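So the sequence shown is residues -15 to -1, 1 to 220, counted in mature numbering (1 follows the signal peptide of the UniProt record, and there is no 0).
All C-beta atoms, glycine included, are put in the ideal place defined by N, C-alpha and C.
In this text the structure is predicted, and so the values were computed from the model without any measurement.
Reading through the structure tokens given below for one structure.
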Amino acid sequence: MQFLSILALASATLSTPVEPLTKRNFCFLYNNQDCRDFTLYQVPTDQIENHIVIGDETNVPAGLSDFHGVWYMNGNPLADECLSFAKTVANADGTWTARVYDENIWSWDPNFDGKVLYDAVRTFALTYVLKKVTNDKIHVTPTIFTPNYLLGQKVSIGDMLAEFEIVRTADPNLWLRPSSFFGHYVGSYNFTRIVYGNGTRTERYYTDYLPNVNNPQKKQAVTLLPTQLLAKVAQ
Ligand SMILES: *[C@@H]1O[C@H](CO)[C@@H](O)[C@H](O)[C@H]1NC(C)=O
Ligand SMILES: *[C@@H]1O[C@H](CO)[C@@H](O)[C@H](O)[C@H]1NC(C)=O
């Protein structure tokens, strides 16, 4: 079973997510990494670039300049769809950290699966630590923080459990995202730039992204719905 599905199941047993997410004391019940309270809100899929923060030279660390713009996880079996590296931060050791649950950088399907997944990601403060292995390959280590009642430990999901990579292709708007779980390769999906850092849509917005909206040819998890959810800090 996939790592995030395990998180989602664990979280679903703790609470049933509602929209907006019920206000909870994350610091007490869950973890003390980030006490902000988030809610989800709906945006149109065909205007995602007007809502998600577009990554550019002002907000993406210099070492990740290949990843400006907005990216679509095309073929990802889970209920998350688009992301931007706009709030990724550089660490002292040369790696970078992206907070998956953060405000306006990651989109979720507007259904039960998307809300459960977001709830799990928020509950465990999921972050991705990115490390450049070669100029053509980024290694991604998921890191979670256990709830305070489990001692508030930082847990890196090591190579044997879940290994994600982002691998360059000849097209700068298409990278591949192979995944392995428990040492077994489970497949790769297209990590596709749909919007440039300057806000202009790429060709792939029209050929790879919009055609997936309500597409009956696609598996349910891969179909895009006409809206998506973004997180924002609750008022
Ligand atoms: C991934 O990209 C390749 C190259 O553009 C394309 O042939 C393939 O159909 C894409 N896969 C999906 C799931 O869209
Ligand atoms: C935005 O960037 C792309 C890729 O560099 C470029 O082709 C396009 O002309 C730019 N659009 C504008 C409006 O600057």
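Within its chain, find whatever has a CB closer than 6 Å to the CB of V74; leave out the 5 residues flanking it on each side and keep chain order.
T82
Expressed to the nearest angstrom, what Euclidean distance is found between the alpha-carbon atoms of I123 and L115?
6 Å
Less than 9 Å separating the beta-carbons of D51 and P163?
no
To the nearest angstrom, how far is the alpha carbon of E66 from that of I33?
10 Å
Suppose you measure from the CA of K217 to the CA of T24; what does that come to, to the nearest Å?
5 Å
DSSP on F149, reduced to helix/strand/coil?
strand
Is it the case that the CB of N35 approaches a heavy atom of ligand 2 more closely than 8 Å?
no
So, are the CB atoms of I37 and V45 less than 9 Å apart?
no
Using a 10 Å radius around the Cβ and a threshold of 16 neighbouring Cβ atoms, would you call Q138 buried or exposed?
exposed
Residue from V55, T43 and A47 with nearest C-alpha to T187
V55
Length-filtered (3 minimum) beta strand (DSSP E) runs lying within the segment 68 to 101:
81 to 84 and 91 to 93
Where are the alpha helix (DSSP H) runs, 4 residues long or more, that stay fully inside the segment 97 to 128, in chain order?
97 to 108
First and last residue of the beta strand (DSSP E) that includes N200?
Taken as a continuous stretch (DSSP letters only), N200 belongs to no beta strand (DSSP E), as it is neither H nor E.
Is H36 close to chain C? Criterion is C-beta to C-beta, closer than 9 Å.
Of the protein chains in the structure, only one exists, and it is not chain C.
Which residue wins for smallest C-alpha separation from C20, given the options V180, T108, V207 and P201?
T108
Cβ of N183 versus every heavy atom of ligand 2: is any distance shorter than 8 Å?
yes
Closer than 8 Å to a non-hydrogen atom of ligand 1 - does that hold for the CB of G60?
yes
Candidates L209, G40, Q213 and A110, of which the one nearest N199 by Cα
L209
Do you know how far the Cα of V140 is from the Cα of I179?
32 Å
With distances taken between CB atoms, is the gap from A147 to V101 smaller than 9 Å?
no
Closer than 8 Å: Y113 CB and nearest ligand 1 heavy atom
no
Going by C-alpha to C-alpha distance, which of P211, Q202, L215 and A206 sits closest to N61?
A206
Candidates Y86, D121, N35 and T212: which alpha carbon is nearest T154's?
D121
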